[in-house]
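Asks: Here it is, the structure, as structure tokens.
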Amino acid sequence: MKPRVRFAPSPTGRLHIGNIRTAALNWLYARKNRGNFLLRLDDTDTARSTDEFAQAIRDDLEWLGLTWDMEARQQDRTARYESLAATLKAEGVLYPAFETEEELDRRRKRQLAMHRPPIYDRAALKLSDSEIAEKIAEGRKPHWRFRLPNTAEGTDLAPQPTLVSWNDLIRGDQTVDLGSLSDPVLIREDGTFLYTFTSVIDDIDFGITHIVRGEDHVTNTGVQLALFEAAGATPPAFGHHSLLIGADGQALSKRLGALSVQSFRDLGLEPMAVLSHAALVGTSDAIEPLTSRDALAEKLDFAKISTAPGRFDVAELKALNGKLLHMLDYADVAERLRGFGITGGEKFWNAVRGNLEVLSDARFWWDVVTSDIEPVIEDSKMTVAAADTLPPEPWSESTWSEWTAAIKSRTGAKGRALFHPLRMALTGRESGPELKALLPLIGRDRALARLEGKRA
Ligand SMILES: Nc1ncnc2c1ncn2[C@@H]1O[C@H](COP(=O)(O)OP(=O)(O)OP(=O)(O)O)[C@@H](O)[C@H]1O
């Protein structure tokens, strides 16, 4: 069966590199196995979800080339959630509870003081139908809890150790003890649904075959497996990857806006560099740039994903971007270079591509070869000799070695003493692209003037 996977962000902020890792692993899995990738916007939290964030998520995914075969928004599916909720309420799988946050907090503190685990005591399950009706008549609104299947015959309501296991695609055998958890609230007092519930219904309805997400969801998976069963559905396979943390160990959150895809776009980074980094960080593969999504998909192997948290350093991403640019052919970038006003063609691109961090850096070297710069004369004896021996045009890539051989025999200088003053005079910079490639692009008039210390 073809896999169907999904990426399910809440539209409550801009996607960060950790979210992108989840999106990339799912997308690449679908790609590798010729399956489908769904974008699901988990916007049941209406207070924090916005259309602007939803659109920004689409834009970021498109920029990365992570296209989707179908989109769903949870807000559009309320009728379906309500209908399944009604069934589960009638079956007693969902039950009403009326405690306030303060009351629950008091109980938790009491349990902790008695060295008991602070799990919900199921007091609401003891309410009779008439007590419930009375509270509702008083205008009180219930929230609804999922009765976890963790009691044994004849043990009343006391939770018993109840192990739920699955073979995780990434972490291997996993077990969650439903006996150690509170019955989760799935419907709030205002009637809105919580993620645990809506996510399962959507995964059933959309025929999701593999759920790949961050390990922040491992416990959730135990509960959701029980929910799949309560809804009479076969659960999909699950894989939980480690979370990414920032270089200084900080957690990432959409709400904080740190390390967002937008910030990478603003820096001028290439989508394939971001995608390569997102897919390979925290795996046993070296982080290297790949120029195509298909090549990245071929490399995907859940067995290679480490369970330790991955560290993300933007400096590494920038270095990766530089490596990627070095691999690109002129045809890949020609149009964008023209957009920067660069008309130097393939020769210029091949000369400078190894010295760029982001593509727009090419603009600087374009100015070096076509506009006036301030030369730096470090060693005038050397530059005078260089000006004297500068050969006539036409120039080629061999001009540089012929010319520097002539300067060397005239001055006796070699190595750095020979090359550094020439570089400083010709480019005004300590380092940069190979001069044998730059020199013909700079041209004789400009080179001569710069060697004479003139702005040219
Ligand atoms: N730091 C992270 N590293 C890797 N994956 C992550 C990270 N944070 C979230 N994810 C994954 O991103 C997907 C989308 O999750 P979600 O929308 O809840 O993101 P979030 O960043 O945790 O959001 P928020 O900060 O708004 O709660 C989930 O599958 C989640 O596991």
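Numbering-wise (the numbering used here), the sequence shown opens with residue 2 and increments by one. No residue lacks a Cβ here, since even glycine has one placed at the ideal position from N, Cα and C.
Looking at residue 199: is its Cβ nearer than 9 Å to the Cβ of residue 5?
Replies: Within the sequence shown, the letter at position 198 stands for residue 199. Within the sequence shown, the letter at position 4 stands for residue 5. Not closer than 9 Å, so no.
Asks: Are the region 150–166 and the region 199–216 touching, with three or more C-beta to C-beta distances below 8 Å?
Replies: Short answer: they don't touch.
Asks: Which two residues bound the contiguous alpha helix (DSSP H) that contains residue 96?
Replies: For the purposes of this step, residue 96 is identified with residue 95 of the sequence shown, where counting begins at 1. That residue, residue 96, is in no alpha helix (DSSP H); its beta strand (DSSP E) goes 95–98.
Asks: In this structure, what does DSSP give as the bridge partners for residue 17?
Replies: Position 16 of the sequence shown holds residue 17. According to DSSP, which records beta bridges pairwise, residue 17 is partnered with 261.
Asks: Apart from the five residues on each side of it in sequence, which residues of its chain come closer than 7 Å, Cβ to Cβ, to residue 312?
Replies: On the sequence shown, residue 312 is found 311 positions in, with the first residue counted as 1. Hits under 7 Å: 246 and 248.
Asks: What does DSSP give as the partner residues of residue 37 in its beta bridges?
Replies: By 1-based counting over the sequence shown, the position of residue 37 is 36. According to DSSP, which records beta bridges pairwise, residue 37 is partnered with 5.
Asks: Quick check: the Cα distance between residue 349 and residue 439, rounded to an integer number of angstroms?
Replies: On the sequence shown, position 348 is the one that residue 349 refers to. On the sequence shown, position 438 is the one that residue 439 refers to. Going by the C-alpha atoms only, they are around 8 Å apart.
Asks: Would residue 18 and residue 321 qualify as a contact pair, given that the criterion is a beta-carbon distance under 9 Å?
Replies: Looking up residue 18 in the sequence shown gives position 17. Looking up residue 321 in the sequence shown gives position 320. Not a contact, by the Cβ cut-off of 9 Å.
Asks: With respect to the beta strand (DSSP E) encompassing residue 72, which residues constitute its N-terminal and C-terminal limits?
Replies: Position 71 of the sequence shown holds residue 72. First-last of the beta strand (DSSP E) with residue 72: 71–74.
Asks: What number of angstroms, rounded off, separates the C-alpha of residue 108 from the C-alpha of residue 181?
Replies: The count along the sequence shown starts at 1 and reaches residue 108 at position 107. The count along the sequence shown starts at 1 and reaches residue 181 at position 180. When rounded, the distance between both Cα atoms is 16 Å.
Asks: Compare the beta carbon distance of residue 212 and residue 237 with 9 Å and say whether it is the shorter of the two.
Replies: Residue numbering aside, residue 212 sits at position 211 when the sequence shown is read from its first letter. Residue numbering aside, residue 237 sits at position 236 when the sequence shown is read from its first letter. Yes, Cβ-Cβ distance for residue 212 and residue 237 is below 9 Å.
Asks: By DSSP, does residue 315 sit in helix, in strand, or in coil?
Replies: Numbered from its first residue, the sequence shown carries residue 315 at position 314. Residue 315: helix per DSSP, three-state reduction.
Asks: What's the C-alpha gap between residue 13 and residue 255?
Replies: Position 12 of the sequence shown holds residue 13. Position 254 of the sequence shown holds residue 255. Approximately 7 Å, taken between the alpha carbons.
Asks: Residue 112 lies in the beta strand (DSSP E); which residues open and close that run?
Replies: In the sequence shown, counting from the first residue as 1, residue 112 sits at position 111. Run containing residue 112: none in the beta strand (DSSP E); it sits in the alpha helix (DSSP H), 102–114.
Asks: On the CB-based measure, 16 or more other CB atoms within 10 Å of its CB, does residue 392 come out buried or exposed?
Replies: Locating residue 392 in the sequence shown gives position 391, counting from the first residue. By the 10 Å Cβ count, residue 392 comes out exposed.
Asks: Quick check: is any heavy atom of ligand 1 less than 8 Å from the C-beta of residue 246?
Replies: Taking the sequence shown and counting its residues from 1, the one referred to as residue 246 is at position 245. For ligand 1, at least one heavy atom lies less than 8 Å from the Cβ of residue 246.
Asks: Count the other CB atoms within 10 Å of the CB of residue 243; is the residue buried (16 or more) or exposed (fewer)?
Replies: Translated into the one-based positions of the sequence shown, residue 243 becomes position 242. Buried.
Asks: Report the three-state DSSP secondary structure of residue 450 (helix, strand or coil).
Replies: The residue given as residue 450 occupies position 449 in the sequence shown. Note: residue 450 maps to helix in three-state DSSP.
Asks: Please report the residue range of the beta strand (DSSP E) in which residue 168 lies.
Replies: Working through the sequence shown from its first residue, we reach residue 168 at position 167. Run containing residue 168: 164–169, per the beta strand (DSSP E) assignment.
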